[in-house]
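What follows is a short report on a single structure.
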Ligand code: SF4
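Residue numbers (the numbering used here): 12 to 369.
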């Protein structure tokens, strides 16, 4: 299986930092006798004005624009579908050059808009409660395909909510740290190209230790979230099969190292599934596990997926689980699932609009 879709032979501009544009675009400019500063103009259009085509770059000579368009791309996504929830959530299904489809979600709250973006088409990790896992792995996204979700969603957010994206979370389709190189490049471009604050970007992982170490080495203060879902090995292996490869003791030793290096709080995502992982006893195990870490737990009622037999925990059960954590000194919050009426859980929109057997 091919892992990356070629975009013709065009060079993806969204994979490069503005300071690289002279080296990337410069040779094409000099071939047609254009000065090198045109490359800086292109970078300004892409990163300051969110342009996605050379047609928009009105201070470039008219005959230069189609020449550049043939060699460079800044629009790897096409909007295939947009769904708006009654609660304001906007979900996009994006079509890629090879016909694959991925999702991203804009989630507005009273004071900010959060973008949840995808890092892979499908996912190989087969978590039991996840719609994306049902498709299996299709391919990694390129850095440009990841960055373009931000750029295109930012324009939608400004128009729909009157303000831009405040937070980006890598929590859509795919496991970001399984597509490490592209994800690290996309982080560089969001931060160094679009000037998006590193503290406002969260990378969420099911616990791929090499990727956690790579993030720890980055100088920027990106945030880390870990999808935990169970505090004990056997149960976690059942819900999150990658637990077999990176079991909890090793994962937590990597997280402690991460915290020592970065000095940053780690968020833990815990999907509350009725009768599966929501007992008070497991809340105590979770508190034991987080004992020597600065962590914050998000308790997320399971979002039902067609064809899966799990159900969300009852509100009283979640309250009790949360109370145990608080008593034990672990900070936790219950998160309301957003956009249920538009299938906003990762992978669900695609699942609804495409037979997974296709
Ligand atoms: S929860 Fe994340 S890592 Fe697990 S199958 Fe779904 S997309 Fe993959």
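Note that the Cβ used here is the ideal one computed from N, Cα and C, for glycine as well.
Fair warning: this is a prediction, and the values are worked out from it, not measured in the lab.
Item to check | Whole-Å CB distance - residue 281 paired with residue 240, under 8 angstroms assumed | outcome: Stepping through the chain shown from its first residue, residue 281 is reached at position 270. Stepping through the chain shown from its first residue, residue 240 is reached at position 229. That belief holds up - the Cβ atoms of residue 281 and residue 240 are roughly 6 angstroms apart, short of 8 angstroms.
Checklist entry - CB of residue 231 to nearest heavy atom of the ligand SF4: below 7 angstroms? => result One-based indexing of the chain shown puts residue 231 at position 220. Answer for residue 231: no, Cβ out of range of the ligand SF4.
Checklist entry - In the structure shown, what three-state DSSP assignment does residue 240 receive? => result Sequence index remark: in the chain shown, residue 240 carries index 229 (1-based). Note: residue 240 maps to coil in three-state DSSP.
Item to check | Contact with chain C by residue 332, beta-carbon distance below 8 angstroms | outcome: Structure shown: chain C not included; a single protein chain is present.
Checklist entry - Are the beta-carbon atoms of residue 234 and residue 220 separated by less than 8 angstroms? => result Position 223 of the chain shown, counting from 1, holds the residue named residue 234. Position 209 of the chain shown, counting from 1, holds the residue named residue 220. No, these two residues do not count as a Cβ contact at 8 angstroms.
Item to check | Best match in 336, 319, 54, 196 for proximity to residue 306 [C-alpha to C-alpha] | outcome: Counted from its first residue, the chain shown places residue 306 at position 295. The candidate whose alpha carbon is nearest that of residue 306 is 336.
Item to check | Contacts around residue 62, its chain only, beta-carbon distance under 8 angstroms, and the 5 residues preceding and following it disregarded | outcome: The count along the chain shown starts at 1 and reaches residue 62 at position 51. The answer, listed in chain order, is 56, 68, 85.
Checklist entry - When a residue counts only if its C-beta is closer than 5 angstroms to some heavy atom of the ligand SF4, which residues count, in chain order? => result 134, 136, 138, 141, 143, 144, 186, 217
Checklist entry - Can you name, in chain order, every residue of its own chain whose Cβ lies under 6 angstroms from the Cβ of residue 13, other than the five neighbours on each side? => result The sequence position of residue 13 within the chain shown is 2, counting from 1. Low confidence applies here, because residue 13 scores a pLDDT of 36, under 50, leaving its location unreliable; read the following figure in that light. Hits under 6 angstroms: none found.
Checklist entry - Out of curiosity, what's the CA-to-CA distance linking residue 312 and residue 190? => result Looking up residue 312 in the chain shown gives position 301. Looking up residue 190 in the chain shown gives position 179. So the alpha carbons of these two residues sit roughly 27 angstroms apart.
Item to check | Nearest-angstrom Cα separation, counted from residue 44 out to residue 143 | outcome: Numbered from 1 along the chain shown, position 132 holds the residue referred to as residue 143. Numbered from 1 along the chain shown, position 33 holds the residue referred to as residue 44. Cα to Cα, residue 143 sits roughly 48 angstroms from residue 44.
Checklist entry - How about residue 193 and residue 223: do their beta carbons lie closer than 8 angstroms? => result If you number the chain shown from 1, residue 193 lands on position 182. If you number the chain shown from 1, residue 223 lands on position 212. Cβ atoms of residue 193 and residue 223: not closer than 8 angstroms.
Checklist entry - Roughly how many angstroms lie between the CA atoms of residue 341 and residue 107, to the nearest whole one? => result As a first step, residue 341 must be located in the chain shown, where it is residue number 330. As a first step, residue 107 must be located in the chain shown, where it is residue number 96. Looking at the two C-alpha atoms, the distance is approximately 42 angstroms.
Next on the checklist: For residue 370, count the other beta carbons within 10 Å of its own beta carbon; 16 or more makes it buried, fewer makes it exposed. Which is it?
Outcome noted: Because the chain spans 12 through 369 in this model, residue 370 falls outside it and cannot be assessed.
Item to check | From 200, 347, 308, 301, residue whose alpha carbon lies closest to that of residue 32 | outcome: Position 21 of the chain shown, counted from the first residue, corresponds to residue 32. Considering only alpha carbons, the answer is 200.
Checklist entry - To which residues does DSSP link residue 131 through a beta bridge? => result Here residue 131 refers to the residue found at position 120 when the chain shown is read from its first residue. Residue 131 pairs with 151.
Checklist entry - For residue 106, does the three-state DSSP call read helix, strand or coil? => result Start at 1 with the first residue of the chain shown, and residue 106 comes out as number 95. Strand at residue 106.
Checklist entry - Hey, out of 25, 34, 154, 117, whose CA is closest to residue 97's CA? => result On the chain shown, position 86 is the one that residue 97 refers to. For the residues 25, 34, 154, 117, the minimum Cα distance to residue 97 belongs to 117.
Checklist entry - Alpha carbon to alpha carbon, what distance is there between residue 179 and residue 125? => result Taking the first residue of the chain shown as position 1, residue 125 is located at position 114. Taking the first residue of the chain shown as position 1, residue 179 is located at position 168. A straight-line Cα-Cα distance of about 6 angstroms links residue 125 and residue 179.
Next on the checklist: Among 288, 297, 228, 333, whose alpha-carbon lies nearest the alpha-carbon of residue 272?
Outcome noted: Here residue 272 corresponds to residue number 261 of the chain shown, with the count starting at 1. Checking every option, the nearest Cα to that of residue 272 belongs to 228.
Item to check | Where residue 302 falls, given that 16 or more other Cβ within 10 Å makes a residue buried | outcome: Taking the first residue of the chain shown as position 1, residue 302 is located at position 291. Exposed.
Checklist entry - Applying the criterion that 16 or more other CB atoms from any shown protein chain within 10 Å of the CB defines a buried residue, is residue 114 buried or exposed? => result Within the chain shown, residue 114 is the residue found at index 103, counting from 1. Buried.
Checklist entry - To the nearest angstrom, how far is it from the Cα of residue 264 to the Cα of residue 40? => result In the chain shown, residue 264 corresponds to position 253, counting from 1. In the chain shown, residue 40 corresponds to position 29, counting from 1. Residue 264 and residue 40 have their C-alpha atoms roughly 51 angstroms apart.
Item to check | Any beta strand (DSSP E) of 3 or more consecutive residues that is wholly inside the region 217-277 | outcome: Here the runs fully enclosed are 234-238.
Checklist entry - Is DSSP giving residue 365 helix, strand or coil here? => result Numbered from its first residue, the chain shown carries residue 365 at position 354. Bear in mind that the predicted position of residue 365 carries a pLDDT of just 48, short of 50, making it too unreliable to give a figure here.
Item to check | Cut-off 6 angstroms between Cβ atoms - residues of its own chain near residue 322, not counting five sequence neighbours on either side | outcome: For the purposes of this step, residue 322 is taken as residue 311 along the chain shown, with counting starting at 1. So the qualifying residues of the chain are 285.
Checklist entry - Is it buried or exposed for residue 149, if we count other Cβ within 10 angstroms and need 16 for buried? => result By one-based count along the chain shown, residue 149 stands at place 138. Burial check for residue 149: the Cβ neighbour count within 10 Å reaches 16 or more, so the residue is buried.
Checklist entry - Can you tell me whether DSSP reads residue 29 as helix, strand or coil? => result The residue given as residue 29 occupies position 18 in the chain shown. DSSP places residue 29 in helix when its eight states are reduced to three.
Next on the checklist: Report the start-end ranges of each beta strand (DSSP E) in the region 49-106 that is 3 residues or longer and not cut off at the edges.
Outcome noted: 89-95, 101-106
Checklist entry - My guess is that residue 275 and residue 232 are in contact by the Cβ rule of under 8 angstroms, so how many angstroms apart are they, rounded? => result Here residue 275 refers to the residue found at position 264 when the chain shown is read from its first residue. Here residue 232 refers to the residue found at position 221 when the chain shown is read from its first residue. Correct: roughly 6 angstroms between the Cβ atoms.
Next on the checklist: Closer than 8 angstroms is the cut-off here; do at least three beta carbon pairs connect the region 323-333 with the region 64-83?
Outcome noted: no
Checklist entry - If we count the other Cβ atoms within 10 Å of its Cβ and call it buried at 16 or more, is residue 183 buried or exposed? => result Position 172 of the chain shown holds residue 183. Classification of residue 183: buried, given that the 10 Å Cβ count is 16 or more.
Checklist entry - Within this structure, are the beta carbons of residue 328 and residue 298 separated by less than 8 angstroms? => result The count along the chain shown starts at 1 and reaches residue 328 at position 317. The count along the chain shown starts at 1 and reaches residue 298 at position 287. Result no, Cβ atoms of residue 328 and residue 298 do not sit closer than 8 angstroms.
Next on the checklist: With the cut-off set at 8 angstroms, would you say residue 128 and residue 181 are in Cβ contact?
Outcome noted: As a position in the chain shown, residue 128 is number 117, starting the count at 1. As a position in the chain shown, residue 181 is number 170, starting the count at 1. Closer than 8 angstroms, so yes.
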